[in-house]
Amino acid sequence: MTRLLLLGGTIEARELAQNLHKCQGLEIFYSLAGRTHKAVRVGGNVRRGGFGGVTGLERFLQENSIDLLLDATHPHATKISRNAAAAAQNCNIPRAQLHREPWVAQAGDEWQQFGSLEEIATSLPPSARVFVSIGSRGLEAFITRQDVFFLVRSIEASSFSDGLTFKQHFPSGELLLERGPFELKNERALLQKWNIELLVSKNSGGNAMRAKIDAARELGIPVRMLASPPPVPGTRVKNVNEAFDWVTGQLR
């Protein structure tokens, strides 16, 4: 029996977990960071929470006799990806990273790319109406911009280090609790309904969350984009099919 540790939390990871459960001779340990309480059920061995750095992850790999490690975390979850690479190398375990190709600006896109959310917050013009679609983390970077209207979308309400709520930090803002993927027509309607003038997004690549970018292009809305971090060195796969083939190829 081959044991796989699948680091998840993305749409691709959930699809992989569901598909790989059909493979004979494979036992899956599906790991979630635990930041989202509304996680979708995937079945099998599911664990939540951090490992405790490289040393903790190495201990988990050894204690659970893990044979393979597949990192299918979010492209911006760089810390866990680096830890996974180091732990797998130290334990001499094959590892691959599912790293989506970053979005590339097309004709009609009006993008500005930044290296941090703090830089994006500083760049926002006064009195702008801004749609922020970056997940439940990172909103603290925008707290000082009380002169801006923020429409924020995430799976669940964000937690702030000072214990205050979204409405306490953004009294004029609106919070939408929704899970993607989202259709282009709905994203277009959302931007129009709220009279959005700017979109803030992470460059996370893939197709599941791209509709908001396409809608912004159609409506002539500028995008403040958090640049995609480079993938961790090592074996990389670009999509679910390549990841599935990598795992099953290791079973032969």
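Everything in the sequence shown is counted per this note's numbering, starting at -19 for the first residue and increasing by one. Quick reminder that beta carbons are idealized off the backbone N, C-alpha and C, glycines included. Since the model is a prediction, treat every value here as computed from it, not as a measurement.
Under three-state DSSP, which class holds Q230?
By one-based count along the sequence shown, residue 230 stands at place 250. Helix.
Collapsed DSSP secondary structure at R39 in the structure displayed:
The count along the sequence shown starts at 1 and reaches residue 39 at position 59. In the structure shown, R39 sits in a helix (DSSP, three-state: H, G or I).
May I have the straight-line CA-CA distance separating G229 from P74, to the nearest angstrom?
What you label residue 229 is simply residue 249 of the sequence shown in a count that begins at 1. What you label residue 74 is simply residue 94 of the sequence shown in a count that begins at 1. Going from the Cα of G229 to the Cα of P74 covers about 11 Å.
Residues of its chain near T124, where Cβ-Cβ distance is below 8 Å and the 5 sequence neighbours each way are ignored
As a position in the sequence shown, residue 124 is number 144, starting the count at 1. Only A101 meet the Cβ criterion.
Can the beta-carbon of R109 be found less than 8 Å from the beta-carbon of I193?
Here residue 109 corresponds to residue number 129 of the sequence shown, with the count starting at 1. Here residue 193 corresponds to residue number 213 of the sequence shown, with the count starting at 1. No, they are not a contact pair.
Runs of alpha helix (DSSP H) lying entirely within the region 47 to 110, each at least 4 residues, in chain order
58 to 70, 97 to 103
If distances are taken between C-alpha atoms only, which option among L97, F140, Q42 comes closest to Q69?
As a working note, residue 69 is residue 89 in the sequence shown. When each option's Cα is compared against that of Q69, the closest is Q42.
For I(-9), the first and last residue of its enclosing alpha helix (DSSP H):
Start at 1 with the first residue of the sequence shown, and residue -9 comes out as number 11. Residues -9 to 0.
Counting Cβ pairs closer than 8 Å, one from the region 41 to 58 and one from the region 75 to 88, do we hit at least three?
yes
My assumption, with CB atoms under 8 Å, is that G88 sits in contact with R197. Please give the rounded CB distance.
Counting from one through the sequence shown, the residue named residue 88 turns up at place 108. Counting from one through the sequence shown, the residue named residue 197 turns up at place 217. Indeed they touch by this definition, with Cβ atoms about 5 Å apart.
Would you say V203 and R62 are within 8 Å of each other, going by their C-beta atoms?
To locate residue 203, count along the sequence shown from 1; it is residue 223. To locate residue 62, count along the sequence shown from 1; it is residue 82. For V203 and R62, no; Cβs fall outside 8 Å.
Kindly indicate which three-state DSSP category L144 falls into: helix, strand or coil?
By 1-based counting over the sequence shown, the position of residue 144 is 164. Note: L144 maps to coil in three-state DSSP.
Considering just the uninterrupted stretch of the beta strand (DSSP E) at N25, what are its terminal residues?
As a position in the sequence shown, residue 25 is number 45, starting the count at 1. 25 to 28 is the span of the beta strand (DSSP E), which, as asked, contains N25.
Keeping to the same chain, check which residues put their C-beta closer than 6 Å to that of F9; ignore five residues upstream and five downstream.
As a first step, residue 9 must be located in the sequence shown, where it is residue number 29. These residues qualify, in order along the chain: L(-15), N25.
Please list, in chain order, all residues of the same chain as N(-1) whose beta carbon is under 7 Å from its beta carbon, the five residues on each side excluded.
Position 19 of the sequence shown, counted from the first residue, corresponds to residue -1. Around N(-1): F224.
Exposure of A65, with buried meaning 16 or more beta-carbon neighbours within 10 Å:
Here the question's residue 65 lines up with position 85 in the sequence shown. When all chains shown are included, A65 counts as buried.
Where do the ends of the beta strand (DSSP E) carrying I8 lie?
Within the sequence shown, the letter at position 28 stands for residue 8. Element bounds for I8: 6 to 12.
Please classify F31: does DSSP put it in a helix, a strand, or coil?
The residue given as residue 31 occupies position 51 in the sequence shown. If DSSP states are grouped into helix, strand and coil, F31 belongs with coil.
Going along the chain, which residues of its own chain have a beta-carbon closer than 7 Å to the beta-carbon of G95, five neighbours each way excluded?
On the sequence shown, position 115 is the one that residue 95 refers to. Taken in chain order, the residues that qualify are A207.
From the DSSP output, in three-state form, read off E158 for me.
The residue labelled residue 158 in the question sits at position 178 within the sequence shown. Coil, per DSSP.
Using the Cα positions of V84 and L179, report the straight-line distance between them to the nearest angstrom.
As a working note, residue 84 is residue 104 in the sequence shown. As a working note, residue 179 is residue 199 in the sequence shown. If I take the Cα positions, the gap works out to 16 Å.
Taking the Cβ atom as the reference point for each residue, do E154 and L131 lie within a distance shorter than 8 Å?
In the sequence shown, residue 154 corresponds to position 174, counting from 1. In the sequence shown, residue 131 corresponds to position 151, counting from 1. Contact: yes.
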